[in-house]
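Top line first, the protein sequences correspond to chains A and B.
Its first residue numbered 1, the first sequence is counted upward by one per residue in the numbering used here.
Its first residue numbered 245, the second sequence is counted upward by one per residue in the numbering used here.
Glycine residues also receive a C-beta, built at the ideal position from the N, C-alpha and C atoms.
Quick notes on the structure that follows.
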Amino acid sequence: MIELAQIDKTYTAGTVQTPVLKGISFKIEAGEYVAIMGASGTGKSTLMNILGCLDKPTGGHYRLDDIDMVNLDDDALSHLRNGKIGFVFQQFHLLDRATALRNVMLPLIYANEYSDDARQRAEKAMAAVGLTDRMTYKPSQLSGGQQQRVAIARALITNPAILLADEPTGNLDSTSGAEVMAIFQRLHRDGRTIIVVTHDRAVAEHANRIIVLKDGMVAEDQPVAQPRNAEAEARALAEKEASK
Amino acid sequence: MRILRIAQEGARALAGNKLRTFFMMAGTIVGIAALTVILAVGKGTEKKVMKRVNAFGTRAIMVTAGGGKGFSPPQEGITTLRLEDAEAVRTQIGGVDVVGSFAVKRGMSIKAGVNQVQITVMAVAPEWHDAWEWYAADGDPITAEDNSTMARVCLLGTLSASDLFGSQNPIGEDIQIGNARFRVKGILELRGTSPTGEEFDRRIVIPLTTGMRRVFNQDYITNIRVKVRDSRQIESIAGEIRQLLHERHHIAPPKEDDFAIFSAADIAKMARGISGTLTYLLAALAGLSLLVGGIVLMNILLISVGERKKEIGLRRALGATQGDIFRQFLMESLSVTIIGMVAGSVLGWAVSIAMARLTQSPVVISWEPFALALAFALVVGVFFGVQPARRAARLRPVEALR
């Protein structure tokens, strides 16, 4: 499903060449829940941009659903992002002036075929993240956790091949963070492929496999024997808060 | 359609920031409003000019006794213009259709029963009717026989008729001009206002011979009215008449003319007068405000591209192509100028109508300014929108999202 072979990424500024990724190779099968971990400066964000088809590697091959994105032009990459990738960002990146529902519908605008049931699909996606009663709210009227759930609904609306989350809990308190991780686990149980990029081991341990980057190379690639249960954590945190 | 969905995104962005949108629009609104006013005033002026020229006669040349540059009535006591001059014009100048001589006296005391008014009296040759294309609306015109018999008959302008007789029919009635009695034989057609603002319809017309010998007691005339065959030749014929009269009156520079010549072309120039200059000034102002408005629009768009980097990056991440982003921004700039154009047109119309009311000068509202404004709006919108749109489209999503 996802196959990275000897991915290199070198930034060139004038005559200075800075290699960031050095020969990254791994495969991710459909339905996996993978965390990509690393300290800052290890090439985590660069890898995430390549996985999300926002940037091209300077060497190697990346196949997504048997499409080698390295050979695609900008328009084709845009269509690939639209159809196959659902992004969840640390900063949510919602349009301030649009309602939650409109934000969720945004990717459909750029789909080649606009679905007549766009609204129903958006409502369904909002229901999947538990925000049925917040459809017409503007982002500023929602809590951080709710905003990130809107972003997840937006990522899901095109039914993408992979859900790609970049530090999804980085801007959230621990309760909301646990809730977001619980949603990911639930989506994983439903068969969705999820990649979470994070520097936080606690977050990574919710996944079933952890790939650790170091100096632009894969330092570790291990399955997680006993993934943490986000739902239980979220419940515990909520109870603790309630008893305060 | 994808393009419609993108246009809708642009419209939402505009609606979302109304103050910014208004500033983007302001230049277009002012420019288009000014343009609309100019065209309305210009058309109004042209209508006024045509009205004046038509009242004067489109194929008419007027020779007036006495010099001077302005279009003035003949000066009292200028005796140099004679019937022989009129005859010379008729026989020696080509392209002349009709020559009608006449003598004018202003402010003559006229009596009809108990009513007494001061009215301009014109003593006219029979050709005068044709030369002016001004006939009797009622009753009969001044004829050759009236002139040869020195008949004491007259025609009244419609205003003279109502001044003297009210609503009563004056035909067949007598009036007194000076000490002589005249029979009213007809009413002149309505003619309107002269180029100098005089009421053409407050006149009394009598035979030329009667006027010269019995009323004014003079052997000279005050005006020669010439009608040419082709209005396009009017200025060259006016020149020939001037030359002929120079010869006949032995005038050579530096001696000043003892007559003045005005043609329909001169009347048009005079009627346009200052409004022509004003129109150019306003047009320059409109052009300038459209240009400045366009530059402001471009700058605000460029700033907003910077401010909206995150939005652009997000849209690109979610699948917008460079073309989608380019079209959205171009659509925003075009929407701004087109809405600005509609607002500007409405404002321009309102100002035009208000100006027409205040200055009581004619203003013509027509579709042309609207069409022109639409063309301007499209040109400004595209010209000043392309650069920001291109810049937005070229943002790399990775950098925009940072």
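CB contact flag (residue i, residue j, <8 angstroms)
| i | j | result |
| --- | --- | --- |
| ILE276 of chain B | GLY531 of chain B | no |
| LEU54 of chain A | VAL549 of chain B | no |
| GLY286 of chain B | ARG469 of chain B | no |
| HIS239 of chain B | THR308 of chain B | Outside the modelled stretch of chain B, which goes from 245 to 646, sits residue 239 of chain B, for which no answer is possible. |
| VAL129 of chain A | ILE183 of chain A | yes |
| PRO107 of chain A | ASN82 of chain A | yes |
| LEU283 of chain B | ALA369 of chain B | no |
| ILE235 of chain B | VAL297 of chain B | What the structure shows of chain B is the stretch from 245 to 646, and residue 235 of chain B is not part of that stretch, so it cannot be assessed. |
| LEU21 of chain A | GLY41 of chain A | no |
| ALA151 of chain A | LEU95 of chain A | no |
| ALA100 of chain A | MET126 of chain A | yes |
| THR113 of chain A | ALA178 of chain A | The sequence given here places Glu at residue 113 of chain A; Thr does not occur at that position. No, the pair does not count as a contact, with Cβ atoms beyond the cut-off. |
| VAL361 of chain B | LEU408 of chain B | yes |
| LEU131 of chain A | ARG149 of chain A | yes |
| PHE300 of chain B | ASN467 of chain B | no |
| ALA118 of chain A | THR158 of chain A | no |
| GLN185 of chain A | ALA230 of chain A | yes |
| PRO19 of chain A | THR12 of chain A | no |
| ASP374 of chain B | LEU489 of chain B | no |
| ILE556 of chain B | ILE569 of chain B | yes |
| VAL281 of chain B | VAL595 of chain B | yes |
| MET542 of chain B | ILE250 of chain B | no |
| SER475 of chain B | ARG246 of chain B | no |
Where residue i sits in the DSSP three-state scheme
| i | result |
| --- | --- |
| ASP117 of chain A | coil |
| ASN359 of chain B | strand |
| MET246 of chain A | No answer is possible for residue 246 of chain A: it lies beyond the span of chain A, which begins at 1 and ends at 244. |
| MET245 of chain B | coil |
| LYS292 of chain B | helix |
| GLU3 of chain A | strand |
| THR302 of chain B | coil |
| MET269 of chain B | helix |
| ASN467 of chain B | strand |
| ARG396 of chain B | coil |
| VAL281 of chain B | helix |
| HIS61 of chain A | strand |
| GLN17 of chain A | strand |
| ALA220 of chain A | Before going further, note that residue 220 of chain A is Glu rather than Ala in the sequence given. Looking at GLU220 of chain A - three-state DSSP - the assignment turns out to be strand. |
| THR46 of chain A | helix |
| PHE614 of chain B | helix |
| VAL699 of chain B | Residue 699 of chain B falls outside the range modelled here, since chain B spans only 245 to 646, and no answer is possible. |
| PHE506 of chain B | strand |
| ALA347 of chain B | strand |
Expected contact under 8 angstroms - CB spacing of residue i and residue j to nearest Å
| i | j | result |
| --- | --- | --- |
| PRO606 of chain B | ALA600 of chain B | 7 angstroms |
| GLN566 of chain B | ALA637 of chain B | 4 angstroms |
| HIS199 of chain A | PRO227 of chain A | About 18 angstroms; that fails the 8 angstroms criterion. |
| ILE195 of chain A | LEU164 of chain A | 5 angstroms |
| ALA35 of chain A | ALA204 of chain A | 4 angstroms |
| GLY254 of chain B | GLN572 of chain B | 5 angstroms |
| LYS147 of chain A | PHE92 of chain A | Residue 147 of chain A is actually Gln in this sequence, not Lys. About 5 angstroms; that satisfies the 8 angstroms criterion. |
| ARG350 of chain B | THR364 of chain B | 5 angstroms |
| ALA367 of chain B | ILE450 of chain B | 5 angstroms |
| MET352 of chain B | GLY422 of chain B | 7 angstroms |
| THR175 of chain A | GLU241 of chain A | 6 angstroms |
| GLN420 of chain B | ILE354 of chain B | 7 angstroms |
| ARG458 of chain B | ALA424 of chain B | 6 angstroms |
Beta-carbon proximity list for residue i, same chain, < 6 angstroms, skipping 5 on both sides
| i | result |
| --- | --- |
| ALA587 of chain B | ILE273 |
| ARG246 of chain A | It is not possible to answer for residue 246 of chain A, since the shown part of chain A is limited to 1 through 244. |
| HIS61 of chain A | ALA5, ASP68, VAL70 |
| THR484 of chain B | The identity of residue 484 of chain B in the sequence shown is Glu, whereas the question assumes Thr. Cβ neighbours of GLU484 of chain B beyond the five flanking positions: ILE337. |
| ARG486 of chain B | ILE505 |
| GLY191 of chain A | GLY31 |
| GLY216 of chain B | Nothing in the structure corresponds to residue 216 of chain B, since chain B is present only between 245 and 646. |
| LYS429 of chain B | GLY383, ASP384, VAL397 |
| ASP166 of chain A | MET48, PHE89, GLN90, VAL197 |
Cβ shell of residue i (< 7 angstroms), same chain only, five flanking positions each side left out
| i | result |
| --- | --- |
| GLU371 of chain B | VAL342, VAL343, GLY344 |
| LEU434 of chain B | THR402, ASP445 |
| ALA561 of chain B | PRO641, LEU645 |
| GLY38 of chain A | LYS44, HIS199, VAL212, LEU213, LYS214 |
| GLY538 of chain B | GLY271, VAL624, PHE627, PHE628 |
Neighbourhood of residue i by C-beta distance below 8 angstroms, restricted to the same chain and skipping five residues each side
| i | result |
| --- | --- |
| LEU534 of chain B | GLY271, THR272, GLY275, ILE276, LEU279, PHE620, VAL624 |
| LYS262 of chain B | none |
Task: Every unbroken beta strand (DSSP E) within the segment 78–165 of chain A, with a cutoff of 3 residues, ordered by chain - done: Qualifying beta strand (DSSP E) stretches, in chain order: 85–88.
Task: Residue ranges of each beta strand (DSSP E) within the segment 169–218 of chain A, 3 or longer - done: 193–198, 209–214, all fully within the segment 169–218 of chain A.
Task: Length-filtered (3 minimum) beta strand (DSSP E) runs lying within the segment 378–455 of chain B - done: Segments of the beta strand (DSSP E) lying fully in the segment 378–455 of chain B: 380–383, 397–400, 418–421, 424–432, 447–451.
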